[in-house]
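This report refers to the structure that appears directly beneath it.
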Amino acid sequence: MTKNSIQLSMEDFEGDNIPEVIVEFYKGTEIQYVAYVSDPDKDGRFDKVSGNVDVDNKEGHQKRDDDLLIALARTFVKLKF
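In our numbering, the protein residues as written are 963 to 1043.
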C-alpha cells in the first residue's frame, strides 16, 4: 500500500523576514502537488494560496481547498520547534 504524506516547511522567498509556508503532497516518495501559503499584506494572517490543489477530493479546486491550506499553514507557523 502506498503511503500518502504531507511535508510542511517555511522559507523566506521574498527576503522580507516573513516566510512562506510550503505544503508538499506525496504519494510514497513521489511528490504529487506543491502549494505555497503566503502573507502578502504582511499582517501575520497567511491568507494567500498559490497552487490549485484539491485537498478535500471534492470536485476539483475550490475555495474550501484554500481555506484548509490556510488553516494548516496558520497552525504550522505557530509551532515552535
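By construction, the Cβ of each residue, glycine as well, lies at the ideal position given by its N, Cα and C atoms.
Going straight from the alpha carbon of residue 996 to that of residue 977, what length do you get? Distance between the alpha carbons of residue 996 and residue 977: 21 Å.
Just to confirm my understanding: we take residue 1017, look at its own chain, exclude 5 residues before and 5 after, and list those with CB closer than 6 Å. What are they? Excluding residues up to 5 positions away in sequence, 1027, 1030 lie with their Cβ nearer than 6 Å to the Cβ of residue 1017 in the same chain.
With DSSP as the reference, identify every bridge partner of residue 989, one or two as the case may be. The beta-bridge partner set that DSSP reports for residue 989 consists of 966, 992.
Distance, residue 990 Cα to residue 1034 Cα: The straight-line gap from Cα to Cα measures roughly 21 Å.
Pull up the CB-CB distance for residue 980 and residue 1004, whole angstroms please, since I reckon it's below 8 Å. The distance from the Cβ of residue 980 to that of residue 1004 is about 6 Å, consistent with a contact at the 8 Å cut-off.
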